[in-house]
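What follows is a short report on a single structure.
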Amino acid sequence: MTEEVDTTTFEISADDGTTDEVTVPTGLLDLVAEGDQTDAETVGDVTLLSFASRAHHIVHHGQDADAELEAQEARIMDLFEERFGVTYGEATGHQH
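In full-length UniProt numbering, the protein residues as written are 1 to 96.
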């Protein structure tokens, strides 16, 4: 059954020249896309949301966050707000 599900593969390129691929079910792209968003934009949004969520969890719900980790979390939250036009707290309803 799962082999019948269409997938879309994305190539990720980093500044250091490394690459990776990720394959996701195409239907999930359609499900989470906002309006006429492209598949690549959808994956970009999900990626940024995932990093912001993970950073938030580590800093605010983990243990022993140092100043460097807190700075990284603050930066991803700035990038989140730049991309989405709202703060992470506003978007998720999870504020501290």
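Glycine included, every Cβ here is placed at the ideal spot set by N, Cα and C.
Roughly how many whole angstroms lie between the Cα atoms of residue i and residue j?
{"i": "A14", "j": "E21", "result": "12 Å"}
{"i": "A91", "j": "F10", "result": "26 Å"}
{"i": "A74", "j": "G89", "result": "12 Å"}
{"i": "G35", "j": "A65", "result": "37 Å"}
{"i": "A52", "j": "D16", "result": "22 Å"}
{"i": "H56", "j": "G93", "result": "13 Å"}
State the CB to CB distance for the pair residue i and residue j, rounded to an integer number of angstroms; the pair is presumed to be in contact (CB under 8 Å).
{"i": "L49", "j": "I58", "result": "15 Å between Cβ atoms; not a contact."}
{"i": "V32", "j": "T7", "result": "That pair is no contact at about 15 Å."}
Residues in its own chain within less than 7 Å of residue i by CB, not counting five upstream and five downstream?
{"i": "L79", "result": "L48"}
{"i": "E81", "result": "T87"}
{"i": "D39", "result": "T8, L29"}
Mind checking which residues open and close the alpha helix (DSSP H) that includes residue i?
{"i": "V43", "result": "39 to 61"}
{"i": "L11", "result": "Leu is not the amino acid found at residue 11; the sequence shown has Glu there. Note, E11: premise wrong, no alpha helix (DSSP H); beta strand (DSSP E) at 7 to 13."}
Within the same chain, show all residues whose beta-carbon is closer than 6 Å to that of residue i, passing over the 5 residues directly before and after it, in chain order.
{"i": "Q37", "result": "none"}
Go to residue i, then tell me how far its beta strand (DSSP E) extends in each direction, as first and last residue.
{"i": "E81", "result": "Note, E81: premise wrong, no beta strand (DSSP E); alpha helix (DSSP H) at 67 to 84."}
{"i": "V32", "result": "No beta strand (DSSP E) holds V32; the alpha helix (DSSP H) holding it covers 26 to 32."}
Is any non-hydrogen atom of the ligand SAH found closer than 6 Å to the C-beta of residue i, if you look at the structure I gave you?
{"i": "M77", "result": "As for the ligand SAH, it is missing from this structure, which has no ligand bound."}
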